[in-house]
Structure formats: C-alpha cells, structure tokens
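Heads up: the structure comes next, in structure tokens.
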Amino acid sequence: FMMQTRFGKVVAIISQGDQLSEIMTEVEGRMEKAYVYPQLTGNPQPGETVLLNTTAVRLGLGSGGRHFVQLIVGREQHELDGPGHIMKLRYTPWQLKCQTIDEPGAAGHEALKDGGNLEGMPVVVAELHSQLAPICLMAKEHSSCKIRLVYIMPDWAALPIALSNTVRQLQSQGLIDHTITYGHAFGGDAEAVNIFSALLAARKVFHADVAVVAMGPGIVGTGTKYGFSGIEQGPALDAVALMGGKAIAPLRIGFGDQRERHYGISHHSLTVLAEIVQNKVRVPLPVLSGDKGIVIYSQLTAAGIAEKHHLVEVDATDTLDLMQTRQLNVTTMGRGLRAEPEFFMSAGAAGILAAQEAKGWS
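For the sequence shown, my numbering gives the first residue as 45, with consecutive numbering after it.
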C-alpha cells in the first residue's frame, strides 16, 4: 500500500478550532499527536476512536510529527453543507466540494467572467512558505499598513491552508487581509481554479494593492536540478507578467546551510531565474555587508541573472527587529532569525519593493 493507517483512541484535546484541531491519541500503546480538519471529519472527543493516516510520521518526514485523522469511528457519514459544485482532490476518496470565487452564483463571477488584467499590481512570488511572514510584514510596515494585501496559496505543498500557523498569525495581526487557495489547495477566504483566476480575484474582487503567492508548508526536494516543488515559482512569475502585473522574485539566500547547492543563493533560485522564467522580473537584493554581498552578486552574474532580470537593491536591515517585535518566530530548515538573517532579509526586501511599487496607497 502507499498509505499506512492505524486506529487510535482520543486521549485529550490539545487545541480545537473550526478549521484545525490537535489531539493526543493512543496508538498501539504509544501517545502520539494528530491533526484534525473538522470541516472534513468533525471534531473528535476524548474516548472516541479515530482512523489515522500515519504514513509521514512512520517515514520520518516533516509533517510536524503528527498523524492526520481520516474519520471518527461511529461518525463516518456526513451531509453536504453550503453552496458550490467545484471539486478539489478530484477522483480520490477524499474529493471535496467548494464554491470557487468565479463559478456562476459566486460573489466574484460577474467581476471575473470577462477576464481582465492586474493593472500593474505588484505580486511577490516566493519559493518557500517561510518567506511569507517577512514579505507580508515588510510590505505592510513600509506602506504604513495602508496597502490591502492578499495571500494566494497554490497546491505546490500542503493543501489545507488551515495547517499554517504562520497564516493565522499574520491574519490576526492584520498583515494579511484576505487569502485565496487555488488548484487543489483549499480553505482560503476564497477558492479559485488556477493561478490566473486567483490573481484576478485578488485584484478585481478583493481590490488588492499587493498579492503574495507562496506555497504552504512542506516543500518537496530530491537533490536534483529540477526535482523540487518550488520550481513552480517560475511559471507563476510568468503568469503575473502575462496578466499585466509587476512580478517580484525574492531570492532564497542563506549562509547557514553547508550544502554547496544552497550556499549563498540556493540553486533553486538560480535555476528558476536563469532557466525557467521567460519574462523579465524584479529581483530584490538585500544590502549585505562584507563578502556575502560579493558572493551573491557573483552568483547572479555567473548565472546570467544580472543581465536577464531587473536587480533592485533594497535596504531590509530592519526586517529582523520588526519580526522579533511582532513575535514572528519563523524558521527555515530549522534555522531562525539569528542563524539565517540573510534569508529573512531577502524575503523582507521583496515586501519592501512591493510596497514601493504599489499604486494607490500613498
């Protein structure tokens, strides 16, 4: 089988919400945590038995060490609720229906039915979920919190937006105004079919000044040149350019990872910008001191990116202090603000550039 399942007994409720809950279960004599998506299964109570997907934990993968509840024994049958007839996770036992923002009868149908363009809206397309917080924070801070910012989550990694603690924290602090999930990702303030309808909805329905596209938690990588899910950053940047937006590509920069392919500018960013993206995009460069700045520029030059794209130097040194003030304790590959400052400054630079490029808020 491609999936491992086990029954577990609910011992305690760790946290409970409308979109995500966490429980403690007893599985084969062990106490193990599990996530619950209440919209799919309901919320289990202590003493109930649940069927768990235990695959990722058994493989030692980065699912946060949690199982996922598939069903509550004795509560297997559910009734449909709410409008919509578009299916996500199509043709699987877990297919679910939603109302996309552009389908007939939905709030955005009239605004979106004839298409349109982004009217020069800046769109930051990031590779990693850990770049989201500094991007949104710095875009808001450098616009005196006057811009309307929409986060668009694709299906490149985690599919339920509810899994992201970062998104909840950013929304609670007013750093994200609306969310859109597209493809097979689900759970945003609005659902969309694809990147084009999601971008257009951000602009024409939610009246965004800035949009940020970034996958949810859980990037896939294989150690090969093209075998990583973040390569989708490239086609998304082209979609922004095609639709008349200002495409901004934050670099994945780091000096804490000793793997050569991720030292300085990650080979992920170099591959996307040198080979995958077909349009000229804006590439923000954080001001870095000493040899680090030289390393970054030499990598960009050697890859032909300095010639192919529009490099913009941005002072993002206040990113780290502002993230600490907001208690945005994000990590990348297990490393935090102090261990990998250039990573977060690079993402912050993209947010600053987006705020500078946005029209209408100043």
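Glycine included, each C-beta is placed from N, C-alpha and C at the ideal position. Nothing here was measured: the structure is a model prediction, and the numbers come from that model.
So, using beta-carbon positions, are Leu-96 and Thr-136 closer together than 9 angstroms? no
Once you ignore the five residues that flank Ala-283 on each side, which residues in its own chain have a CB closer than 8 angstroms to its CB? Ile-239, Phe-240 and Leu-243
Between the alpha carbons of His-186 and Val-211, how many angstroms are there, rounded? 20 angstroms
Secondary structure of Arg-326, DSSP reduced to three states: strand
Short Cβ contact (9 angstroms threshold) for Tyr-226 with Leu-214: no
Just to confirm before moving on: does the CB-CB distance between Tyr-81 and Gln-63 stay below 9 angstroms? yes
Within the same chain, show all residues whose beta-carbon is closer than 7 angstroms to that of Pro-88, passing over the 5 residues directly before and after it, in chain order. Val-54, Ile-67, Val-80, Val-94, Val-113 and Ile-116
Enclosing alpha helix (DSSP H) for Leu-243 [first to last residue]: 239-248
In angstroms with no decimal places, state the Cα-to-Cα distance between Val-316 and Thr-69. 42 angstroms
Environment of Cys-189 [buried if 16+ CB atoms lie within 10 Å]: exposed
Let's see if you can read the secondary structure: which residues bound the beta strand (DSSP E) around Leu-207? Premise fails: Leu-207 is in no beta strand (DSSP E) and is neither H nor E.
When you compare only the Cα positions, how much space is there between Ser-406 and Ala-252? Confidence at Ser-406 is low in this model, with a pLDDT of 45, below 50, so the placement of that residue should be treated as unreliable; the coordinate-derived value is given next. So the two alpha carbons sit approximately 14 angstroms from each other.
Label Gly-104 either buried or exposed according to how many other C-beta atoms from any shown protein chain fall within 10 Å of its C-beta, with 16 as the threshold for buried. exposed
With a cut-off of 8 angstroms on the beta carbons, I'd call Arg-326 and Leu-172 a contact; round off their distance for me. Wrong, their Cβ atoms sit about 18 angstroms apart, outside the cutoff.
Reference Asp-233; option with closest CA among Ala-151, Ala-399 and Phe-45: Ala-151
Cβ-based burial, Ser-342 [other Cβ within 10 Å; buried from 16]: exposed
Could you give the DSSP three-state label for Ser-406: helix, strand or coil? Here the model assigns Ser-406 a pLDDT of 45, short of 50, so the residue's position is not dependable, and the following value carries that caveat. DSSP places Ser-406 in coil when its eight states are reduced to three.
Which listed residue (Leu-176, Val-358 and Pro-279) has its alpha carbon closest to that of Leu-219: Leu-176
Counted within 10 angstroms of its Cβ, other Cβ atoms place Ser-333 as buried (16 or more) or exposed: exposed
Would you call the CB atoms of Met-165 and Ala-391 closer than 9 angstroms? no
Once you ignore the five residues that flank Tyr-270 on each side, which residues in its own chain have a CB closer than 8 angstroms to its CB? Thr-315
Three-way DSSP call (helix, strand, coil) for Pro-166 in this model: strand
Between the alpha carbons of Gly-109 and Leu-344, how many angstroms are there, rounded? 37 angstroms
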